[in-house]
Amino acid sequence: MNRTSSSDDPRRFLVNGRLERSPRRWRDKVAVTGYLATVAMPRLLEPVSERELTDRLGELARDPVALRRAMVDQGLVSRTRDGAEYWRTVRTEHDPEPDAVEIADRALGESP
């Protein structure tokens, strides 16, 4: 199900799947950052090392460090105090809808 119109789709700012330049308008920056956070960290609350996240973002953006910082600044991603681990904390419109089994598994702590 497509939840956004093509003019609102943050993928319009990507060149061959990569962010080469950050959009000018703030709301477009927020939309692109949210989309790329979902792509780089598809599972909510799953811890990822700083190196792994930077590598993933390097596949998606010219400046992975700035993108990682934007994700933290926008509250999409949290990190340990020392910055060794990151995890996505916000569900975005780009996440697939969880099914009932996935929700139950998470609630019961049985998710892999």
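Every letter in the sequence shown is one number past the one before it in full-length UniProt numbering, and letter 101, counting from 1, is 101.
Ideal Cβ positions, reconstructed from N, Cα and C, are used throughout, including at glycine.
Model, not experiment: these values are computed from the prediction.
8 angstroms contact criterion, which residue i and residue j should meet: CB distance rounded
i, j, result
"Thr89", "Val77", "7 angstroms"
"Leu19", "Ala40", "11 angstroms between Cβ atoms; not a contact."
"Leu60", "Leu44", "Not really, about 18 angstroms apart at Cβ, beyond 8 angstroms."
"Met71", "Thr38", "Contact doesn't hold; Cβ gap of about 10 angstroms is too wide."
"Asp23", "Trp87", "Before going on, a small fix: residue 23 reads as Pro here, not Asp. Not quite, the Cβ-Cβ distance comes to about 25 angstroms (not below 8 angstroms), so this is no contact."
Sequence-distant residues of the same chain with beta carbon closer than 8 angstroms to residue i, five excluded per side
i, result
"Val30", "Gln74"
"Ala66", "Ser22"
Per-residue burial, residue i [other beta carbons within 10 Å of its own, 16 or more giving buried]
i, result
"Arg51", "exposed"
"Asn2", "Low per-residue confidence applies at Asn2: pLDDT is 46, beneath 50, and the placement is therefore not dependable, though the value from the model is reported in the following sentence. By the neighbour-count rule (16 or more Cβ atoms within 10 Å), Asn2 is not buried but exposed."
"Thr80", "exposed"
"Ala107", "exposed"
"Arg27", "exposed"
"Pro42", "exposed"
"Pro64", "buried"
Neighbourhood of residue i by C-beta distance below 7 angstroms, restricted to the same chain and skipping five residues each side
i, result
"Gln56", "Strictly speaking, residue 56 in this sequence is Arg, with Gln absent from that position. Ala40."
Residues of its chain near residue i, where Cβ-Cβ distance is below 6 angstroms and the 5 sequence neighbours each way are ignored
i, result
"Arg11", "none"
**Request:** Starting from the N-terminal side, write out each stretch of the beta strand (DSSP E) that is 3 residues or longer and does not extend beyond the region 18-88.
**Result:** Contiguous beta strand (DSSP E) elements confined to the region 18-88 occur at 77-79, 85-88, taking only those with 3 or more residues.
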